[in-house]
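Enquirer: Pasting a structure below so you can have a look.
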């Protein structure tokens, strides 16, 4: 009877150990699944944040592109205005000096001296106003060059970000699928 009791207790302990270990195993499996789902959610969130960051960078590149286009249009307008201004200044100078050049070569010394002085004053004013117009044109040319650099930089950035966006979107979809698979119990 002692052997039987001992055997019964031993069998009972074995069964109890079996159920406890099965319970622990089931609990460990549930914890592993919960951990896997948690990690999959973290990966999905990380990919979402990458997408947001890339979209912000794309907006920045778009803004740079727009600023470059605006600068280019404005600079071309200013350059055309400066070119027209230079033509007008040169025409005015030619008209103003036409009669004075004849008078400066006159036999009347007083009239010739007066014409030369007036010609000198007109030429000085002409050079000053022409220099201002040329500076405007140079500034417009400089802005056109800057706009081309801005547009080129924005275009390169957009090309790079476009590729990066495609890759990150695919990684996001993969992470989303992995999370859904884990939630459904697939491996």
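In this note's numbering, the protein residues as written are 2 to 188.
The beta carbon of each residue, even a glycine, is placed where N, CA and C say it ideally should be.
So, do the stretch 133-151 and the stretch 66-82 have three or more beta carbon pairs nearer to each other than 8 Å?
Expert: Judged by Cβ distances under 8 Å, the stretch 133-151 makes contact with the stretch 66-82, as three or more pairs qualify.
Enquirer: Can we count residue 43 as close to the ligand COA, meaning its CB is less than 6 Å from some heavy atom?
Expert: Ligands displayed in this structure: none; no statement on the ligand COA is therefore possible.
Enquirer: My understanding is that residue 41 touches residue 183, with C-beta atoms under 8 Å, so please give their C-beta distance in whole angstroms.
Expert: Between residue 183 and residue 41 the Cβ distance is about 5 Å, and since that is below 8 Å, they are a contact.
Enquirer: Would you mind sorting residue 50 into buried or exposed? The rule is 16 or more other CB atoms within 10 Å of its CB.
Expert: Classification for residue 50: exposed.
Enquirer: Tell me whether the beta-carbon of residue 65 lies closer than 7 Å to the beta-carbon of residue 177.
Expert: Taking 7 Å as the Cβ cut-off, residue 65 and residue 177 do not qualify as a contacting pair.
Enquirer: Under a three-way DSSP split, which group does residue 146 fall into?
Expert: Note: residue 146 maps to helix in three-state DSSP.
Enquirer: Give the single residue among 56, 55 and 71 whose Cα lies nearest to the Cα of residue 151.
Expert: Answer by Cα proximity: 71.
Enquirer: Which word fits residue 90, buried or exposed, when buried means at least 16 other C-beta atoms lie within 10 angstroms of its C-beta?
Expert: It counts as buried.
Enquirer: Could you tell me the alpha carbon to alpha carbon distance between residue 141 and residue 85, rounded to whole angstroms?
Expert: If you take the alpha carbons of residue 141 and residue 85, they lie about 13 Å apart.
Enquirer: By how many angstroms is the C-alpha of residue 39 removed from the C-alpha of residue 181?
Expert: Looking at the two C-alpha atoms, the distance is approximately 12 Å.
Enquirer: From 69, 56, 83 and 93, pick the residue whose C-alpha is nearest to that of residue 127; which is it?
Expert: Taking only the C-alpha atoms, the option nearest residue 127 is 93.
Enquirer: Between the C-alpha atoms of residue 107 and residue 113, what's the straight-line distance to the nearest angstrom?
Expert: Computed Cα separation, rounded: 5 Å.
Enquirer: Mapping DSSP to helix, strand and coil, what is residue 64?
Expert: Reduced to three states, the DSSP call for residue 64 is helix.
Enquirer: If residue 58 sits next to residue 169, beta carbons under 8 Å apart, how far is it from one beta carbon to the other, in whole angstroms?
Expert: About 11 Å separates the two Cβ atoms, so there is no contact after all.
Enquirer: Can you tell me the Cβ-Cβ gap for residue 158 and residue 62, rounded? I've got them flagged as a contact below 8 Å.
Expert: Their Cβ separation, rounded to whole angstroms, is 4 Å, which keeps residue 158 and residue 62 in contact under 8 Å.
Enquirer: Under the rule that 16 or more other beta-carbon atoms within 10 Å means buried, what is residue 125, buried or exposed?
Expert: Residue 125 is exposed by the Cβ-count criterion.
Enquirer: Roughly how many angstroms lie between the CA atoms of residue 171 and residue 35, to the nearest whole one?
Expert: Their backbone Cα atoms lie some 25 Å apart in a straight line.
Enquirer: Are residue 165 and residue 55 close, meaning C-beta to C-beta below 7 Å?
Expert: It is a contact, given that the beta carbons lie within the stated cut-off.
Enquirer: Relative to the C-alpha of residue 119, which residue among 102, 143 and 148 is closest?
Expert: Of the candidates 102, 143 and 148, the one whose C-alpha sits nearest the C-alpha of residue 119 is 102.
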